[in-house]
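In numbering that gives the first Met the number 0, the protein residues as written are 0 to 187.
The beta-carbon is built from N, C-alpha and C at its ideal position, and this holds for glycine as well.
Read through the structure below, which is laid out as structure tokens, and then see the notes.
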Amino acid sequence: MSTEEKSIGGYSFEEYVEIVKTFHGSSAPGVILGGVMVEEAKRHLPEGKLFDAICETRVCLPDAVQLLTPCTIGNGWLYIEDFGRFAITLYDKETGEGIRVHLDVDKLPQAPEIEAWFMKKKKKGEQNLDKILKEIKEKGEKLLSVSRVHVRPDRYRRLKTGPVAICPQCKEAYPARDGVICRACSSQ
Ligand SMILES: [Zn+2]
């Protein structure tokens with residue numbers, strides 16, 4: 000371990016692991032590593048500005064973003080673009096300028112337990128969670144690649160809900176723009 004204590008969002012590494020356990024239901028490596036990724040992205044961005052977030056997978060990473068930034072799915076500042084890639088982007092919604100961080104498979108061999116987990120080379124029962132977490136703590140950021148990106152601001156702008164209608168079939172409220180009945184009823 001390095002002499003410098005690793006912190007994630009102001010928490011110690013161990014505190015963050017506990018928070019993830021409570022929020023996510025387990026100390027899933029993806030959420031722990033996701034925390035390292037959020038930290039890395041923040042390090043490349045000016046302090047004191049608000050950023051929107053994009054996760055390129057719906058697995059694990061959104062929870063790290065929601066724990067460590069003001070961005071949530073509910074408030075619309077976190078958008079999931081489900082490409083199935085283990086990457087997050089934080090960007091300035093006014094300018095579209097941002098930082099994308101992804102887990103770099105070229106760098107994975109230096110962390111064999113993380114590689115075995117991420118590349119599914121070991122079955123879940125054969126993985127050693129303590130070793131995976133130790134590797135994340137000791138060399139998590141060395142496995143990442145960071146790039147500057149430009150996000151098209153109109154691409155992820157939150158849609159206004161607009162007028163509300165009552166669905167004649169289920170009697171529940173829904174966005175009127177969806178048509179004469181709600182989407183749940185029309186998809187039956
Ligand atoms: Zn309905």
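Cα-Cα separation, residue i to residue j
{"i": "Cys54", "j": "Glu14", "result": "23 Å"}
{"i": "Gly139", "j": "Glu4", "result": "13 Å"}
{"i": "His43", "j": "Gln187", "result": "47 Å"}
{"i": "Cys181", "j": "Pro174", "result": "8 Å"}
{"i": "Lys123", "j": "Val100", "result": "26 Å"}
{"i": "Lys170", "j": "Ile79", "result": "30 Å"}
{"i": "Lys120", "j": "Thr68", "result": "32 Å"}
{"i": "Glu17", "j": "Glu112", "result": "21 Å"}
{"i": "Ser11", "j": "Ile31", "result": "12 Å"}
{"i": "Leu143", "j": "Gly95", "result": "22 Å"}
{"i": "Trp116", "j": "Leu60", "result": "15 Å"}
{"i": "Tyr86", "j": "Val150", "result": "Residue identity check: residue 86 is Ala in the sequence provided, not Tyr. In a straight line, the C-alpha of Ala86 is about 14 Å away from that of Val150."}
{"i": "Thr2", "j": "Arg156", "result": "Note that Thr2 scores a pLDDT of 44, beneath 50, so its modelled location is shaky; the value from the coordinates is reported in the next line. When rounded, the distance between both Cα atoms is 43 Å."}
{"i": "Glu93", "j": "Gln126", "result": "43 Å"}
{"i": "Pro152", "j": "Lys130", "result": "40 Å"}
Bridge-paired residues (DSSP) for residue i
{"i": "Val189", "result": "Because the chain is modelled from 0 through 187, residue 189 falls outside the range shown and cannot be assessed."}
{"i": "Ile7", "result": "Tyr10"}
{"i": "Ile53", "result": "Tyr78 and Thr88"}
{"i": "Tyr173", "result": "Ala164"}
Extent of the continuous beta strand (DSSP E) run through residue i
{"i": "Leu77", "result": "Leu77 to Ile79"}
Proximal residues to residue i (C-beta, below 8 Å), its chain only, five neighbours per side dropped
{"i": "Leu128", "result": "Ser26 and Pro28"}
{"i": "Met0", "result": "With a pLDDT of 44 at Met0, under the threshold of 50, the modelled position of this residue cannot be trusted; read the value that follows with caution. If we look at Met0 and ignore the five residues flanking it on each side, its Cβ neighbours are Lys136 and Glu137."}
{"i": "Thr56", "result": "Ile79, Asp81, Phe82, Gly83, Arg84, Phe85 and Ala86"}
Outcome for residue i when other beta-carbon atoms lying within 10 angstroms are tallied against a minimum of 16
{"i": "Ile165", "result": "exposed"}
{"i": "Cys70", "result": "buried"}
{"i": "Pro108", "result": "exposed"}
{"i": "Gln168", "result": "exposed"}
{"i": "Val200", "result": "Beyond the ends of the chain as shown, which are 0 and 187, falls residue 200; an answer cannot be given."}
{"i": "Asp103", "result": "exposed"}
{"i": "Asp105", "result": "exposed"}
{"i": "Thr88", "result": "buried"}
Endpoints, the alpha helix (DSSP H) within which residue i is located
{"i": "Val35", "result": "Pro28 to Arg42"}
{"i": "Leu67", "result": "Leu60 to Leu67"}
{"i": "Glu93", "result": "It is not in any alpha helix (DSSP H) - Glu93 carries neither H nor E in the DSSP assignment."}
{"i": "Cys184", "result": "Arg182 to Ser185"}
{"i": "Glu140", "result": "Where Glu140 is concerned, there is no enclosing alpha helix (DSSP H), given that its DSSP letter is neither H nor E."}
{"i": "Pro111", "result": "Pro111 to Phe117"}
Own chain residues within Cβ distance below 7 Å of residue i, not counting five before or after
{"i": "Asp91", "result": "Lys48, Phe50 and Gly97"}
{"i": "Arg147", "result": "Ile98"}
{"i": "Val58", "result": "Gly29"}
{"i": "Ala183", "result": "Cys169"}
Proximity test, Cβ basis, 8 Å: residue i and chain D
{"i": "Gln65", "result": "Checking the listed chains, one finds no chain D in this structure; it contains a single protein chain."}
Cut-off 6 Å between Cβ atoms - residues of its own chain near residue i, not counting five sequence neighbours on either side
{"i": "Asp62", "result": "His23 and Val30"}
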